[in-house]
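Q: Numbering (the numbering used here), first residue to last: 315 to 433. Glycine included, every Cβ here is placed at the ideal spot set by N, Cα and C. Submitted below is the structure of interest, expressed as structure tokens.
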Amino acid sequence: HEPEDFPACPADDVDFFHSVDSQSAAEFIQSSRLPNCYIPSENDTKLVEWVMVDPGGIGYVGFAHYHEHASDLAVVHIAADRQRGVQDTRDALVEPSTRTITDGAYAVFRRPLFMNVDN
Numbered sequence: 315h316e317p318e319d320f321p322a323c324p325a326d327d328v329d330f331f332h333s334v335d336s337q338s339a340a341e342f343i344q345s346s347r348l349p350n351c352y353i354p355s356e357n358d359t360k361l362v363e364w365v366m367v368d369p370g371g372i373g374y375v376g377f378a379h380y381h382e383h384a385s386d387l388a389v390v391h392i393a394a395d396r397q398r399g400v401q402d403t404r405d406a407l408v409e410p411s412t413r414t415i416t417d418g419a420y421a422v423f424r425r426p427l428f429m430n431v432d433n
């Protein structure tokens, strides 16, 4: 999967990122990584590490991972206007929090949680 307008990082780089600690990732980002390349991962812990060592890093992770590292990460505020959305709203006022996620105010990125149980 290659997001629109972002080149995918070479497969070797992606494999490298998944196999090293955050210090090695930081050194690679500063010296060898292609600028603005997309690094896919299903591992939110790794994504948080990469974003924290990349001065221009942007990542999408679940709220629990953000909350655990809130002092080191910035969040995206979204528009409070459910009708017109972000493009027509002057101020993006809603910050993700337990309250705004629970009450639905930060519902743009909320997803259902499914559980499999054995009966």
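1) Run through DSSP, which three-state label would V408 get?
2) Measure the C-alpha to C-alpha separation of T416 and A378 and round it to an integer number of angstroms.
3) Could you please give me the residues that DSSP links to I392 through a beta bridge?
4) Given this structure, state the Cα-to-Cα distance separating L427 from I343, to the nearest angstrom.
5) Taking the straight line between their C-alpha atoms, what separation do you get for Y352 and A419?
6) What number of angstroms, rounded off, separates the C-alpha of V328 from the C-alpha of R413?
A: Once the coordinates are examined:
1) Sequence index remark: in the sequence shown, residue 408 carries index 94 (1-based). Strand at V408.
2) As a first step, residue 416 must be located in the sequence shown, where it is residue number 102. As a first step, residue 378 must be located in the sequence shown, where it is residue number 64. The C-alpha of A378 is placed about 13 Å away from the C-alpha of T416.
3) On the sequence shown, position 78 is the one that residue 392 refers to. For I392, which the question treats as bridged, DSSP gives the partners V408.
4) Residue mapping note: residue 427 aligns to position 113 of the sequence shown, counting from 1. Residue mapping note: residue 343 aligns to position 29 of the sequence shown, counting from 1. I343 has its alpha-carbon roughly 34 Å from the corresponding atom of L427.
5) In the sequence shown, counting from the first residue as 1, residue 352 sits at position 38. In the sequence shown, counting from the first residue as 1, residue 419 sits at position 105. If you take the alpha carbons of Y352 and A419, they lie about 29 Å apart.
6) For the purposes of this step, residue 328 is taken as the residue at position 14 of the sequence shown. For the purposes of this step, residue 413 is taken as the residue at position 99 of the sequence shown. Spanning the alpha carbons of V328 and R413 requires a straight line of approximately 35 Å.
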